[in-house]
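Notes follow the structure.
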Amino acid sequence: MIQATKTINRRGENLAQLLYQEGIREQKVLQAIANTPRQLFLPEALQHKAYQNTALPIGQGQTISQPYIVAKMTEILLSGASPAHKVLEIGTGSGYQCAILAQLFPEVYSVERIKSLQFQAKRRMQKLDLHNIKMKHGDGWEGWSSKGPYDAIIVTAAASSLPQALLSQIAPGGQLVIPVGTEQQTLKVYRREEAGISEQLIEQVRFVPLVPGDLL
Ligand code: SAH
19 MIQATKTINR
29 RGENLAQLLY
39 QEGIREQKVL
49 QAIANTPRQL
59 FLPEALQHKA
69 YQNTALPIGQ
79 GQTISQPYIV
89 AKMTEILLSG
99 ASPAHKVLEI
109 GTGSGYQCAI
119 LAQLFPEVYS
129 VERIKSLQFQ
139 AKRRMQKLDL
149 HNIKMKHGDG
159 WEGWSSKGPY
169 DAIIVTAAAS
179 SLPQALLSQI
189 APGGQLVIPV
199 GTEQQTLKVY
209 RREEAGISEQ
219 LIEQVRFVPL
229 VPGDLL
């Protein structure tokens, strides 16, 4: 399905072009953005805004992330010391980020705390013929330890503090990309290196909060 839309998704290509101008240079990421029908991840009334570079509401007080930040975080995951095989996403939401990851990495795992969002996201993956994804309804603050460790972990909601369980699920040489903060949020990258865990600050961001526990 994604392959079939490739030649006709002109709006996707325009969005990828815009992201290039915003500084995204990794061709594989731009290609995945161009190929992915973002309108499928939105409520019908907002589908006409699908190719704008903005976050949009998806119900339950949640949002689909801005394409720029999806591309930026994915670019970081691709820049790891060695190619990532197994990737964990926390905050499935609409499933858009997950669909991008599934086109670039062999094995994708994704955790969402709101059951109805997780259910819809799962159906979208089937519709797009993306079968290298495993999804779980659960508390992403705890990660998904039974499937780990992961070469890359991406958190698409802002954590008030760094979840220790996620740090412990990074494989040697792997990395965790996560927005940290409440009012002021900073996108951070943690890498498991031989000498220990390193931290890098990327830029200021704005995400919905990563809520611990309390599944809905
Ligand atoms: N990656 C998503 C962005 C969704 S917004 C997309 O591409 O659409 C962030 C999501 O994180 C929301 O769906 C929210 O319900 C979820 N979330 C918040 N706290 C969570 C937690 N502790 N565990 C799992 N998911 C969580």
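In my numbering, the protein residues as written are 19 to 234. Glycine included, every Cβ here is placed at the ideal spot set by N, Cα and C.
Between the Cα of residue i and the Cα atoms of the options, which residue gives the shortest distance?
i, options, result
"residue 30", "51, 45, 40 and 41", "51"
"residue 203", "75, 66 and 177", "177"
"residue 191", "211, 117 and 155", "211"
"residue 43", "68, 216, 92 and 62", "92"
"residue 72", "86, 66 and 143", "86"
"residue 95", "120, 76 and 54", "120"
Which residues does DSSP list as the beta-bridge partners of residue i?
i, result
"residue 209", "193 and 216"
"residue 153", "128"
"residue 227", "176"
"residue 170", "105 and 193"
"residue 80", "77"
"residue 40", "None; residue 40 has no bridge partner."
Is residue i near the ligand SAH, judged by its Cβ being under 7 Å from some heavy atom?
i, result
"residue 180", "no"
"residue 131", "yes"
"residue 162", "no"
"residue 120", "no"
"residue 158", "yes"
"residue 175", "yes"
"residue 92", "no"
"residue 58", "no"
"residue 86", "no"
"residue 69", "no"
"residue 216", "no"
"residue 134", "no"
Assess, as a yes-or-no matter, whether the segment 98-111 is touched by the segment 121-128 under the definition of 3 or more beta carbon pairs within less than 8 Å. yes
Three or more C-beta pairs below 8 Å linking the segment 66-84 and the segment 112-124: Yes: at least three Cβ pairs fall under 8 Å.
Would the segment 182-202 and the segment 58-74 be scored as touching if the rule is three or more Cβ pairs under 8 Å? no
Inter-stretch contact (C-beta, 8 Å, three-pair minimum) for the segment 131-140 and the segment 215-233: yes
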